[in-house]
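Structure record follows, encoded as structure tokens.
Residue numbers (the working numbering): 82 to 332.
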């Protein structure tokens, strides 16, 4: 199934695919587009060059995730974005979907990784975003869409942030420190999922996340992962399975 998305004032087909991870009772939804996501191409073309339309591919992915959630009728308590390629999702939720009742209680968590892209994103990214119902001030932080600026942009629209890598630029670390939102610093690879569960539970803005009706959506690269109506013990297994793979997915 699918729909069309408008990116830079042009229609692009969004294709939605679904798979199940039976052992973890997890559903994974993949979004695709033959133009933006040709086979075996992630960020670089066949010659190894950083793709010139990575800005539009990021726009398509971030908006596509949200529209997929809407189409499937989920009302998430948490959307947890992972890595710079998902950096537009927090802004979309807070600015374009802020009046949609499906997202009225949604809290945004954003994980920063030390995985900068090797190339330059198109400087017209912010201009293309203005084809949406946005103002210049909403996107001015990414007038120059560097790796650090994209991460700072995402953090500025998030309710909490996870430092997923020990090493980040001083610029980013200072921004996180001064942004006045809850922060989780990853300290142990083996217990990262435990840290995240505790962070969800202890963050004042997301106290609902461990009750029986919690819905959580994890955004990473081309997939959307949903867990729904699970007891804590089962949710713990789901998160354990997911977080053991999460850094590989975001590289």
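Cβ atoms here follow ideal geometry from the backbone N, Cα and C, with glycine treated the same way.
Residue 282 (DSSP reduced to helix, strand or coil) = One-based indexing of the chain shown puts residue 282 at position 201. In the structure shown, residue 282 sits in a helix (DSSP, three-state: H, G or I).
Please confirm whether residue 96 and residue 85 have their CB atoms less than 8 angstroms apart.
-> What you label residue 96 is simply residue 15 of the chain shown in a count that begins at 1. What you label residue 85 is simply residue 4 of the chain shown in a count that begins at 1. It is not a contact, given that the beta carbons lie outside the stated cut-off.
Closest to residue 233 by CA distance: which of 166, 215, 110 is it?
-> Looking up residue 233 in the chain shown gives position 152. Per the Cα distances, 166.
The beta strand (DSSP E) enclosing residue 149, as first and last residue numbers | Here residue 149 refers to the residue found at position 68 when the chain shown is read from its first residue. Annotation for residue 149: no beta strand (DSSP E) segment contains it, though the alpha helix (DSSP H) segment containing it runs 135-153.
Of the residues 126, 150, 196, the one placed nearest residue 247, counting alpha carbons only | Residue mapping note: residue 247 aligns to position 166 of the chain shown, counting from 1. Residue 247 has its Cα closest to that of 196, out of 126, 150, 196.
Would you mind stating whether residue 191 and residue 162 have Cβ atoms separated by less than 8 angstroms?
-> As a first step, residue 191 is located in the chain shown; it is residue number 110 there, counting from the start. As a first step, residue 162 is located in the chain shown; it is residue number 81 there, counting from the start. Contact: yes.
What's the call for residue 99, buried or exposed, on a 16-neighbour Cβ count within 10 Å?
-> The residue you call residue 99 lines up with position 18 of the chain shown. It is exposed - the Cβ of residue 99 has fewer than 16 other Cβ atoms within 10 Å.
Evaluate the contact criterion for the segment 207-220 versus the segment 254-263: three or more CB pairs, one atom per stretch, below 8 angstroms.
-> no
Give the secondary structure of residue 98 by DSSP, where H, G and I count as helix, E and B as strand, and everything else as coil.
-> Numbered from 1 along the chain shown, position 17 holds the residue referred to as residue 98. DSSP places residue 98 in strand when its eight states are reduced to three.
Sequence-distant residues of the same chain with beta carbon closer than 7 angstroms to residue 153, five excluded per side = Within the chain shown, the letter at position 72 stands for residue 153. Result list for residue 153: empty, nothing under 7 angstroms.
Rounded distance between the beta-carbons of residue 226 and residue 136, thought under 8 angstroms | Residue numbering aside, residue 136 sits at position 55 when the chain shown is read from its first letter. Residue numbering aside, residue 226 sits at position 145 when the chain shown is read from its first letter. The Cβ separation is near 7 angstroms, so the contact holds.
Distance, Cα to Cα, residue 272 vs residue 91?
-> The count along the chain shown starts at 1 and reaches residue 272 at position 191. The count along the chain shown starts at 1 and reaches residue 91 at position 10. One alpha carbon belongs to residue 272, the other to residue 91, and they sit about 44 angstroms apart.
Compute the Euclidean distance between the alpha carbons of residue 118 and residue 133, then round it to the nearest angstrom.
-> Locating residue 118 in the chain shown gives position 37, counting from the first residue. Locating residue 133 in the chain shown gives position 52, counting from the first residue. Those two C-alpha atoms are separated by around 13 angstroms.
Report all residues from its chain with a CB closer than 8 angstroms to the CB of residue 222; omit the five preceding and five following residues, and keep chain order.
-> Working through the chain shown from its first residue, we reach residue 222 at position 141. If we look at residue 222 and ignore the five residues flanking it on each side, its Cβ neighbours are 230, 233, 234, 237.
Verify whether the separation of the beta carbon atoms of residue 245 and residue 194 is less than 8 angstroms.
-> Along the chain shown, read from residue 1 onward, the residue named residue 245 stands at position 164. Along the chain shown, read from residue 1 onward, the residue named residue 194 stands at position 113. Judged by their CB atoms, residue 245 and residue 194 are nearer to each other than the 8 angstroms cut-off.
What do you reckon, are the CB atoms on residue 176 and residue 202 nearer than 8 angstroms?
-> Locating residue 176 in the chain shown gives position 95, where the first residue counts as 1. Locating residue 202 in the chain shown gives position 121, where the first residue counts as 1. It is not a contact, given that the beta carbons lie outside the stated cut-off.
Kindly list the residues whose CB is nearer than 7 angstroms to the CB of residue 141, restricted to its own chain and excluding five residues on each side of it in sequence; keep chain order.
-> For the purposes of this step, residue 141 is identified with residue 60 of the chain shown, where counting begins at 1. The answer, listed in chain order, is 86, 88, 93, 114, 117.
Taking only the alpha-carbon atoms, compute the straight-line gap between residue 172 and residue 282 and give it to the nearest angstrom.
-> As a first step, residue 172 is located in the chain shown; it is residue number 91 there, counting from the start. As a first step, residue 282 is located in the chain shown; it is residue number 201 there, counting from the start. Answer to the nearest angstrom: the Cα atoms are 24 angstroms apart.
Return the first residue and the last residue of the beta strand (DSSP E) that residue 235 is part of.
-> Taking the first residue of the chain shown as 1, we reach residue 235 at position 154. Run containing residue 235: none in the beta strand (DSSP E); it sits in the alpha helix (DSSP H), 228-237.
Please report how far the alpha carbon of residue 121 lies from the alpha carbon of residue 109, in whole angstroms.
-> Position 40 of the chain shown, counted from the start, is the residue given in the question as residue 121. Position 28 of the chain shown, counted from the start, is the residue given in the question as residue 109. Cα to Cα, the separation comes out at about 19 angstroms.
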